[in-house]
Amino acid sequence: MASPLTPRATDFPRWYQDVITQAGLADNGPVRGTMVIRPWGYAIWERMQAELDARIKAAGAENAYFPLFIPESYLRREAEHVEGFSPELAVVTHGGGRRLEEPVVVRPTSETVINSFFAKWVQSYRDLPLLINQWANVVRWELRPRLFLRTSEFLWQEGHTAHATEAEARVYALRILRDVYEATMRDVLSVPVLVGHKTARERFAGAIRTWTCEAMMGDGKALQMGTSHELGQNFARAFGIQFSSESGTQEYPWQTSWGVSTRLVGALIMAHGDDAGLRLPPQLAPLQVVVLVVRDDEGVRRAAEEIAAELRRTGRRVRVDDAVDVSFGRRSVDWELKGVPVRVEVGPRELAAGQVTVVRRDRQEKRPVPVGAAAAEVRKDLLKVAVSLREEAAARQAARTVAVSTREEAAAAAADGFAVLPWDAVGVGGELELAAAGVSVRCLQRPDGTLAESDDEPGLVAVVAKAY
RNA sequence: CGGGGAGUGGCGCAGCGGUAGCGCACCUGCUUUGGGAGCAGGAGGCCGGGGGUUCGAAUCCCCCCUCCCCGACCA
0 MASPLTPRAT
10 DFPRWYQDVI
20 TQAGLADNGP
30 VRGTMVIRPW
40 GYAIWERMQA
50 ELDARIKAAG
60 AENAYFPLFI
70 PESYLRREAE
80 HVEGFSPELA
90 VVTHGGGRRL
100 EEPVVVRPTS
110 ETVINSFFAK
120 WVQSYRDLPL
130 LINQWANVVR
140 WELRPRLFLR
150 TSEFLWQEGH
160 TAHATEAEAR
170 VYALRILRDV
180 YEATMRDVLS
190 VPVLVGHKTA
200 RERFAGAIRT
210 WTCEAMMGDG
220 KALQMGTSHE
230 LGQNFARAFG
240 IQFSSESGTQ
250 EYPWQTSWGV
260 STRLVGALIM
270 AHGDDAGLRL
280 PPQLAPLQVV
290 VLVVRDDEGV
300 RRAAEEIAAE
310 LRRTGRRVRV
320 DDAVDVSFGR
330 RSVDWELKGV
340 PVRVEVGPRE
350 LAAGQVTVVR
360 RDRQEKRPVP
370 VGAAAAEVRK
380 DLLKVAVSLR
390 EEAAARQAAR
400 TVAVSTREEA
410 AAAAADGFAV
420 LPWDAVGVGG
430 ELELAAAGVS
440 VRCLQRPDGT
450 LAESDDEPGL
460 VAVVAKAY
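Here it is, written out as C-alpha cells:
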C-alpha cells in the first residue's frame with residue numbers, strides 16, 4: 000500500500016493538506032475559508048494555549064473578554080487601521096429581523112473596542128501599566144484560505160497594553176516577543192525563529208513599529224508566527240485615553256498589542272512534518288507515547304499495561320493501543336501520521352526474550368530494550384525528540400540561508416530559502432521590486448541576528464524569503 | 001476582480017447519446033494479524049441547478065450556480 004501522503008518533494012502544499020486530513024487535525028467548514036478543528040488538532044492548540052497563557056501571565060498581563068461585535072464607527076477612528084482592515088471585514092447589517100441603524104463589524108482584531116474601554120479605565124498614572132490579554136476568535140475575510148495558515152475565522156490571543164512612557168511600552172513589546180513568543184516557539188514548539196523588525200510596508204495597520212518571529216518551513220518558505228507591536232499614541236489619541244501624570248499634566252499613554260494564532264499549528268506541521276506525517280514535539284503531543292500491543296496475547300497485554308502505567312505515574316501522556324483486530328501495519332502508520340513522539344511495540348516474540356521495541360518518531364529507528372528498562376528509555380527518548388526536532392529545523396534554516404549583495408541575487412536565493420542582504424541594497428523602493436518577484440522582506444536585523452533599535456539604524460540586514 | 005480548470009455514492013475518479021461504474025472508506029461473515037491483510041456477501045447516487053435537442057441525455061446545446069488552481073491583500 001502506498002503512503003497516504005503526497006511526498007513533500009512532489010507537492011508540498013498538497014502534502015500539507017494530506018497531513019491535516021490523514022492525521023485528523025481539521026476539516027474545511029461549510030462556509031468557504033472556515034475551519035473545523037478536530038480533536039487531535041484542538042488538543043495540540045490547547046497545549047499551545049496553556050503554555051502561552053502561563054508565560055503571558057508571568058509577564059503580568061491579565062485575561063479578560065471583549066465583545067465579538069464592534070460598532071463600525073470605532074474602526075474608522077484610526078485612519079491607517081481602517082484602511083488596513085476594510086478589505087477583510089465581515090459586516091453585520093441585520094439583527095433581530097431588522098436592518099441595523101449602525102452596522103456592526105465582526106472583530107478582525109480588538110484594538111478599537113478595547114481602547115474605548117481603556118479610555119474609561121485609565122485616569123491616573125497609578126492605573127498604568129494596564130496589561131490585558133484576551134483569547135478569542137476573529138474574522139478576516141480571506142480570498143485564498145489555507146487551513147490553519149489563513150482562514151477567514153481563526154482563534155488567537157491578543158494582548159493590549161497601555162504604559163506611561165514610550166520606553167516602557169517598548170520594553171514590554173519586546174518582553175512579549177522574546178520571553179513569551181520566541182521562548183514558546185523554541186522550547187515548546189521546537190521551532191527556532193528569527194526575531195526582527197518589520198519594514199514599514201509589512202507593519203501592522205496603526206502601529207509605529209512591528210516586531211516579528213519568522214520561521215523557515217520544510218520547503219524553505221517563511222512563516223510569520225507571531226507579532227508584537229508598538230502602537231505609539233495613535234490609538235490613545237483616537238480613543239481619548241488620557242491620564243494625569245505625577246506632575247499633574249494630562250498625557251496620552253504609549254501602547255502595545257501582540258498576538259499569535261492557530262497559525263502556529265500550521266507552523267508546527269510544516270516545520271517538523273515528514274513524508275510519514277506529523278512529528279510532534281513531546282511538549283505539545285496530546286499523546287506522548289503509544290504502547291502498541293502487536294498481537295493478542297495475555298502476557299503481552301499485561302506487559303504493555305505495566306509499561307504504560309509506569310509512564311503515567313511519571314506524568315507522561317500514554318495510550319495502550321490493543322486494537323489487535325486492526326492490522327499492525329495500519330496502526331503503526333496511523334500513529335506515525337498523528338506524530339506521536341515515541342512508540343513502544345510489545346509482541347510475544349520479543350517479550351519471550353525479555354524485550355520490547357522502542358521507536359522514536361523523529362528518526363523511525365527501532366531498537367530492542369529490556370522490558371524493565373522500557374519506561375526509563377522512553378522518558379529519555381522524549382527529551383531527545385524535543386531537542387532533535389529543534390536541531391533539525393535549525394540546521395535546515397542554516398543550510399538554506401545565504402548571504403547575497405543584490406536584489407537580483409536575493410530574489411533568486413529566496414526560491415527555496417532565506418537570503419540575507421544589506422537593507423541599504425533593498426530600500427523602500429526595492430521592496431516593491433522584490434514583491435514583483437514573489438518574495439518579501441520578512442524582517443530587519445543587525446548582521447549578528449540581534450534586534451535593532453529602529454528600522455533606520457545604519458548597517459541593518461534584510462532577511463528575504465517567499466512567505467506563506 | 002483578471003487568467004485557467006472542474007462539478008458523477010463519504011473521499012478520489014472513469015464513463016462523454018442506449019438509462020451509472022471503479023478504487024479507497026463503510027456494513028456482515030469467515031480466514032488473518034511483527035509495516036496500511038485476504039476472500040465472500042452487502043448498503044449507499046433527483047450524475048451541481050434550470051431550460052432545450054432527441055424515441056432516448058451524466059453524455060449534445062443555452063443560461064445560471066458552486067468549487068478549485070494561478071495573480072493583487074493577509075495573524
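For the first sequence, numbering that gives the first Met the number 0 begins at 0 and goes up steadily by one. Even for Gly, the Cβ is constructed at its ideal location relative to N, Cα and C. Keep in mind the model is a prediction, meaning the values are calculated, not measured.
Exposed or buried, which one is residue i when buried takes at least 16 other CB atoms within 10 Å?
i	result
Gln249	exposed
Asn62	exposed
Thr9	exposed
His93	exposed
Ala307	buried
Lys197	buried
Val264	buried
Glu430	buried
Gln122	exposed
Asp273	buried
Asn136	exposed
Tyr64	exposed
Val463	buried
Arg46	buried
Pro369	exposed
Val325	exposed
Val386	exposed
Leu382	exposed
Val91	exposed
Would you please state the rounded distance, in angstroms, between the beta carbons of residue i and residue j? I believe it to be under 8 Å.
i	j	result
Val488	Ser151	A query on residue 488 cannot be resolved here, the shown segment of the chain reaching from 0 to 467 and no further.
Ala270	Ala221	Their Cβ separation, rounded to whole angstroms, is 11 Å, which puts Ala270 and Ala221 out of contact at 8 Å.
Arg399	Gly346	The Cβ separation is near 41 Å, so there is no contact.
Pro128	His162	5 Å
Gly437	Pro446	That pair is no contact at about 25 Å.
Leu154	Ser260	6 Å
Val377	Val343	6 Å
According to DSSP, simplified to helix, strand and coil, what is residue i?
i	result
Trp39	helix
Gly328	helix
Ala409	helix
Trp253	strand
Phe203	coil
Ile306	helix
Leu459	coil
Lys119	helix
Leu381	helix
Ser244	coil
Val293	coil
Leu99	strand
Gln354	strand
Asp178	helix
Trp134	strand
Asp423	helix
Trp155	strand
Met0	For Met0, the predicted structure reports a pLDDT of 44, less than 50, and the residue's modelled location is therefore unreliable. A value from the coordinates is still provided. Here Met0 sits in coil by DSSP.
Arg76	coil
Leu146	coil
Gln444	strand
Lys337	helix
Thr9	coil
Ser260	strand
Lys487	Nothing about residue 487 can be reported from this structure: the residues present for the chain run from 0 to 467 only.
Near residue i, what residues of its chain come up, given a Cβ to Cβ distance below 8 Å and the 5 sequence neighbours on each side ignored?
i	result
Trp39	Ala22, Gly23, Leu24, Pro285 and Lys337
Arg177	Val194
Arg244	Correcting the residue type first, residue 244 is Ser in the shown sequence and not Arg. Same-chain partners within the cutoff: Tyr124, Ala163 and Glu250.
Leu148	Leu222, Arg262, Gly265 and Tyr467
Ala374	Ile306, Glu309, Leu310 and Thr313
Please go through the same chain and pick out, in chain order, the residues whose beta-carbon is closer than 7 Å to the beta-carbon of residue i, but skip the five residues on each side of it.
i	result
Glu304	Val319
Arg395	Met215
Glu181	Val192, Val194 and Cys212
Met0	Bear in mind that the predicted position of Met0 carries a pLDDT of just 44, short of 50, making it too unreliable to give a figure here.
Leu74	His80, Val81, Phe84, Val104 and Thr111
Arg406	Ala424, Val425, Gly429, Glu432 and Leu433
Ala204	Glu79, His80, Glu82, Gly83 and Phe84
Leu468	Residue numbering for the chain in the displayed model covers 0 to 467; residue 468 lies beyond these limits and cannot be assessed.
Once the 5 residues before and after residue i are set aside, which same chain residues still bring their CB inside 6 Å of it?
i	result
Asp17	Leu4 and Thr5
Three or more C-beta pairs closer than 8 Å, one from the region 204-213 and one from the region 225-232: is that the case here? Verdict: yes, contact present.
Contact between the region 254-262 and the region 160-175 is defined here as three or more beta-carbon pairs at a separation below 8 Å; is this criterion met? They touch, by the three-pair rule.
I'd like to know if the region 187-197 and the region 439-454 are in contact, where contact means that at least 3 CB-CB pairs between them fall below 8 Å. Judged by Cβ distances under 8 Å, the region 187-197 makes contact with the region 439-454, as three or more pairs qualify.
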